[in-house]
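A.B. asks: Questions regarding the structure given below will be posed in turn.
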Amino acid sequence: MFGLPQLPEKRYFVQPVAWATGLTANAAYRPLIRLLALMSFLCVGQLALRVLWTWNDDFAFFSWNLLLAWVPLGCVYLLRFREGLARWKVAALMGAWLLFLPNAPYLITDLLHLRHWPAVFSIVDELMVFAFALTGLLVGWLSMFLMHELAIRSWGEPWSWAFVAGVSVLTGFGVYLGRVQRWNSWDIVTRPLSLVWRAGGSLDDLTTWVLTVLMALIFFIGYLFFHQLIRLGIRPEQP
C-alpha cells in the first residue's frame, strides 16, 4: 500500500487530467513553469541591480537559495513526464525531491537579513526578499502539486493528503535544520551520521517543534490555497 508511487502507464503521458485549455500535461504545466522562470529571472535581476547600486554582494546567496528551490520541481517533472524509469531512479528522484523541498519555504526565513541593513535600502530590500520568497514558495507548491497527483494515482485521494501533510511536517523540520542548525540538503550524503545525530538530539527541544509546526502549517495551508487555484483551471475529463 505504501510502496513507491508507480509511474503512470503510457496513456497518462498522452491524456492526463483534462485542463480547461484542453492541453496535454506537458503543454498545460509549461506555462506555469515559464512564468516561474520569468519570476526567478526578475528576482536575480533585482539582485543584480542592487549589487550595481550598492557595490555590495552580501545578498548574492539569495540566487543560490532560489536555485536550490528549483531542484524538487526538476525531480518531480522527470518523474511525471518521463517513461520507463527504473525503480531505483524513481526512489532516487523521490529522495532528492524530499531533501531539497525545504529550500522553497526556507527563502521566507531570509527576511531576517533585512535587519542588518540601513533604512535607506529597506523598501528595495523588502521587495526583493519578498519576490525571492514568493517565487520559492510557488516553485515548491507546484512541485508538491505534481507529486500529489502521482500519490493520488498510487495510493488514492485520502492517503495522498496524508502524504502531503507528512511531507509538510518534514519540510518544516528541514527548514529548522537549515536555518537554526545550518545544515544543507546534501549533508545527508556527505555527513549523514552527524546530521542524524544532531537532528535527533534536537527533538526534545520545544523550539524545534514550534518552528517545525509553524513552518509546516504555513507550507501546508499555502499549498491548500495553491491546490484550489490550480483545480479551478481543470475541466472534468470527458467520457
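Using this note's numbering, you'd call the opening residue of the sequence shown number 62 and step up by one each time. Glycine is no exception: its CB is placed at the ideal position from the N, C-alpha and C atoms.
#1: By the 10 Å Cβ neighbour count, where 16 or more other Cβ atoms means buried, how is LEU198 classified, buried or exposed?
#2: How would you write the range of the alpha helix (DSSP H) that ILE169 sits in, first residue to last?
#3: Please classify GLY294: does DSSP put it in a helix, a strand, or coil?
#4: Mapping the DSSP letters down to three states, classify GLN107 as helix, strand or coil.
#5: Do you know offhand how far LEU93's Cα is from TRP244's?
#6: Please identify the residue among VAL185, PHE161 and LEU168 whose C-alpha is closest to the C-alpha of LEU231.
#7: In whole angstroms, what separates the C-alpha of LEU285 from that of GLU210?
#8: Start and end of the alpha helix (DSSP H) containing ASP186?
#9: To the nearest whole angstrom, what separates the beta carbons of LEU172 and ALA192, a pair I think is in contact under 8 Å?
#10: What distance in whole Å lies between the Cβ atoms of LEU139 and LEU154, which are believed to be in contact at a cut-off of 8 Å?
#11: Could you pull out every residue in the same chain whose Cβ sits closer than 7 Å to the Cβ of MET101, ignoring the five residues on either side in sequence?
#12: Go ahead and pull the three-state DSSP assignment for ASP265.
#13: Under 8 Å: do the stretch 223 to 240 and the stretch 270 to 286 share three or more Cβ pairs, one atom per stretch?
#14: The alpha helix (DSSP H) that contains ARG148, what's its start and end?
C.D. replies: Judging by the given coordinates:
#1: buried
#2: That residue, ILE169, is in no alpha helix (DSSP H); it is neither H nor E in DSSP.
#3: coil
#4: helix
#5: 30 Å
#6: PHE161
#7: 14 Å
#8: 183 to 216
#9: With a Cβ gap of about 12 Å, LEU172 and ALA192 do not count as contacting.
#10: 6 Å
#11: It is Ser, not Met, that sits at residue 101 in the sequence shown. Contacts found: LEU127 and THR196.
#12: helix
#13: yes
#14: 148 to 161
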